[in-house]
Amino acid sequence: MKTKYLIIIAIIAIAIIIGGVFAYISIQSPSTPTVIINSAGATFPYPFLNATITEYVTIKPNVQINYQPVGSGSGINSLTAKTVDFAASDAPLTANQTVQLPSPAVHIPETIGAVTIAYNLPGISGGLRLTGDIVSKIYLGTITNWNDPSITALNPTSTLPNHLITTVHRSDSSGTTNVFTKYLSNVSSTWHDKVGSGTSVQWQGSNALGASGNANVASTVNQTQYAVGYVELAYALQNGMSVASIQNPAGNFIAPSLTATNLAVQSGASHGLPSGDQSWTSVSLLNTADPQAYPIVSFTYLLEYKELNIIPGMTQAKATAVVQYMWYVVHDGQNLGPSLQYAKLPANVVTIDETTIKSITYNGQTLPVT
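Using our numbering, read the sequence shown as starting at 1044 and increasing by one per residue.
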């Protein structure tokens, strides 16, 4: 009987101790409130950004990140209006856009991708070769038919149809358009003089369709026989699109791929890059020197104010969450890029990003990045 009482007393004592421990934990570690981060911008890196967000919120379950892929131009406008906590853009801020910002901002290169020339040609699912000059003439409306002699000369083993070409372009203000039109301006003096480059341009040709976002351009090309359009590589692969091999400065026809993108990065991003608080408008990974590099490759950027208290609703907790997410993107998040056909940032760019992210403040105070 005495043993029975001792056991009961021991059980009660253990219960009291456990209850006290849980009470202590409850007092010392109250539930962390959810931090909601709102952002918007480029569709070009959306598959990569979406993957990083999905992974990050499992690591930081108290953080919720809402990213709207509305185009680079809309992202920059939202940043300027201070309606997002950060923006994303494939086009770096221009001098005019920088002047319009209410406070200094920084560029944080987040990943690197390729712009493909995708097409829908019945009976021709691959192997099409094009030059930058031919692509520019197609979009200028001076080459209007798929069996134009300049195209057939490059593709002697394919029977190209006697059919009008439908061009598909971005109807929104787009960083992908900025990359594409910069490339065309580089390879065609006529394009440079007549159309130029930018997130929005005056499109030429009478048989043209516009669509908002990379995903909609991809679906429009897929749904329109004899169409051609420009989309980021991840979208082309996700939508099972046929893409052209493009002639690079070495004269080689290169199909878009992660390997060919990486070669462009190694050739074009090894040195001479600006700091995060400087202009990135002169940075280009187009037509790099490596003979096996794909010629239409670009950085894409996160854009953020250097002082976060300028954003309405910003708090110390949210500011910390923003910089810690950015730190994750340029470090562990890079491992998510290759499976989606985005190139990892080279070490020198990561170093620039580290300095830039550490320079972001809230109420003049630096923020913990990890």
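From the three backbone atoms N, C-alpha and C, an ideal C-beta is built for every residue, glycine too.
- Under the three-state reduction of DSSP, ILE1102 is assigned to helix.
- Between the alpha carbons of THR1267 and SER1288 lies a gap of roughly 21 Å.
- Excluding the 5 residues flanking it on each side, ASN1221 has same chain C-beta neighbours closer than 8 Å at SER1115, ASP1133, ALA1134, SER1240, GLY1241, THR1242, in chain order.
- Secondary structure at TYR1269: coil, using DSSP grouped into helix, strand and coil.
- Secondary structure at PHE1087: coil, using DSSP grouped into helix, strand and coil.
- Shown here for LYS1180: same chain residues with a beta carbon closer than 6 Å to its own, the five before and five after excluded, namely ILE1186 in chain order.
- When beta bridges are read from the DSSP output, ILE1297 appears opposite ILE1289.
- Counting only runs that start and end inside the segment 1165-1226, the alpha helix (DSSP H) elements of at least 4 residues fall at 1175-1183, 1192-1197.
- For GLU1347, there is no enclosing alpha helix (DSSP H); the enclosing beta strand (DSSP E) has its first and last residue at 1340-1348.
- TYR1273 sits close to ILE1160, with the two beta carbons spaced by under 7 Å.
- Annotation for SER1322: no beta strand (DSSP E) segment contains it, and DSSP assigns it neither H nor E.
- Counting other Cβ atoms within 10 Å of its Cβ, THR1219 reaches 16 or more and is therefore classed as buried.
- Listed in chain order, the non-local C-beta contacts of ASN1406 below 6 Å within the same chain comprise ASN1352, local neighbours out to five positions each way being set aside.
- The beta carbon of LEU1379 sits closer than 7 Å to the beta carbons of PHE1091, ALA1094, THR1095, GLU1098 from its chain, once the five residues preceding and following it are set aside; these are given in chain order.
- ILE1080 and GLN1107 have their C-alpha atoms spaced approximately 6 Å apart.
- By the C-beta criterion, the segment 1227-1240 is judged not to be in contact with the segment 1123-1130, since fewer than 3 inter-stretch pairs fall below 8 Å.
- Sixteen is the threshold: since fewer than 16 other Cβ atoms of the shown chains lie within 10 Å of the Cβ of ASN1190, the residue is exposed.
- When secondary structure is reduced to three states using DSSP, THR1302 falls in the helix class.
- In the same chain as ALA1293, and ignoring 5 residues on each side of it, the C-beta atoms closer than 6 Å to its own belong to PRO1334, in chain order.
- Beyond the five residues adjoining it in sequence on each side, GLY1170 comes within less than 7 Å, by CB distance, of SER1201 in the same chain, given in chain order.
- In this structure, the beta-carbon distance from TYR1089 to PRO1112 falls below 7 Å.
- Beta-carbon to beta-carbon, GLN1247 and GLY1184 are separated by about 5 Å, close enough to satisfy the 8 Å threshold.
- Closest option to GLN1367, judged by alpha-carbon separation, among PHE1087, PHE1223, VAL1100: VAL1100.
- Considering only LEU1164, ALA1386, SER1313, the residue with the shortest C-alpha distance to ILE1155 is ALA1386.
- Annotation for ALA1277: the continuous alpha helix (DSSP H) segment containing it runs 1276-1281.
- Three or more Cβ pairs closer than 8 Å define a contact, and the segment 1316-1323 falls short of that threshold against the segment 1202-1213.
- Note on geometry: alpha-carbon atoms of ASN1109 and SER1082 lie some 6 Å from one another.
- Using a 10 angstroms sphere on the CB of SER1168, the tally of other CB atoms stays under 16, which defines it as exposed.
- The continuous alpha helix (DSSP H) containing VAL1142 extends over residues 1138-1143.
- By the neighbour-count definition (other C-beta atoms within 10 Å, threshold 16), ALA1332 is an exposed residue.
- ALA1085 sits close to ALA1131, with the two beta carbons spaced by under 7 Å.
- GLY1156 has SER1341 as its beta-bridge partners, per DSSP.
- Bridge partners of ALA1251 according to DSSP: THR1210.
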